[in-house]
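These notes are about the structure you will find just below.
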Amino acid sequence: MKVKGIFLVLMFNFSLFVFSQVKTSKPNYKKIRKEIKKKRSDFYYPVLVKKFSRGLPMTLQEKRYLYYGFAFFGSYEPYKVTKYYPKINQIIASKNYSTESLSNLLNYINLELANKPFNLKLLKLKLFVFKRMRNTVEYNITKNKIKVIKDAILSSGNGKTKESAYAVIFISNEYDVLHFLNLKPFTNNFVDKKLEYIKVKENPKGLKGLYFDVSLITRRINAKQK
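Per numbering that gives the first Met the number 0, the sequence shown runs over residues 0 to 225.
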């Protein structure tokens, strides 16, 4: 199976997951930034990371503070390009899924995730690897991680208006949202420094496009340029 084919299968399967409907609200970035650094806070970031890493149950608020809180640390590099993607693609293209090959693939994926822990494409690829390895425990942990990210993003809005834009900290997460909703992108353009609008192809929902709040991304880029 080709690289693109694997990702399409993973995304199709993931789009069939059922998620509960939640009331949406815009993330309070100022409050999140403050709470995740307080050791006595219910949202102290190291505690959230530990829960996320172990696949432990998390409240919706914890999911939101985890996802958006990452943007307030120095390790947050939304556009950083790393050297491991070519190695990942090379292994997939080879169709060599021996134990050693899968182990190498998993290692490269984890090295990528160290920089972008909420890259859903890579997490979905980990599902593929763990399924091949028959590692049920890690498969379920990874599946829970995907749900955490998905719940956090979709709780931020509905994308139908500028005021209800989905808030994301990585551009790739915009396209993840489209896959969640079974929508296909047509064109995209920046409305302003804080918003991006993606037009979608004709769909049963009758949606013309979705708005995305990218203010945390542009904030980080502007900070790096100073």
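Glycine is no exception: its CB is placed at the ideal position from the N, C-alpha and C atoms. All figures in this text were calculated on a predicted structure; none of them were measured in a lab.
Check whether residue i and residue j have beta carbons under 9 Å apart
| i | j | result |
| --- | --- | --- |
| V147 | F51 | yes |
| L59 | S163 | no |
| N172 | I145 | no |
| I108 | G68 | no |
| E283 | N118 | There is no way to answer for residue 283, as the model of the chain reaches only from 0 to 225. |
| L126 | L177 | no |
| F179 | V213 | no |
| A166 | K37 | no |
| I220 | I170 | no |
| N134 | G54 | no |
| L124 | I87 | yes |
| K200 | P184 | yes |
| I168 | Y66 | yes |
| K23 | N202 | In the sequence on display, residue 23 carries Thr and not Lys. Going by C-beta atoms, T23 is not nearer than 9 Å to N202. |
| K62 | K115 | no |
| K149 | D191 | no |
| L101 | K159 | no |
| R131 | Y96 | yes |
| K198 | N181 | no |
For residue i, three-class secondary structure by DSSP
| i | result |
| --- | --- |
| L194 | strand |
| T217 | helix |
| P203 | coil |
| Y107 | helix |
| V17 | For V17, the predicted structure reports a pLDDT of 37, less than 50, and the residue's modelled location is therefore unreliable. A value from the coordinates is still provided. In this structure, V17 counts as coil in the three-state DSSP scheme. |
| F211 | strand |
Beta-bridge partners of residue i, as assigned by DSSP
| i | result |
| --- | --- |
| Y96 | Per DSSP, none; premise fails for Y96. |
| F117 | Beta-bridge pairing links F117 to no other residue. |
CB contact check: residue i to chain B, cutoff 9 Å
| i | result |
| --- | --- |
| Y210 | Within the model displayed, chain B is absent; a lone protein chain is all it includes. |
Near the ligand ZN: residue i beta-carbon under 8 Å from a heavy atom
| i | result |
| --- | --- |
| S93 | The model on display carries no ligand, and the ligand ZN is accordingly not part of it. |
Minimum length 3: unbroken beta strand (DSSP E) runs contained in the stretch 123-199 = 184-189, 194-199
Please specify which runs of the alpha helix (DSSP H), each continuous and at least 4 residues long, are wholly inside the stretch 19-85, giving them in chain order.
-> 28-34, 44-53, 59-68
Per the contact definition of three or more C-beta pairs closer than 8 Å, is the stretch 63-80 in contact with the stretch 24-35?
-> yes
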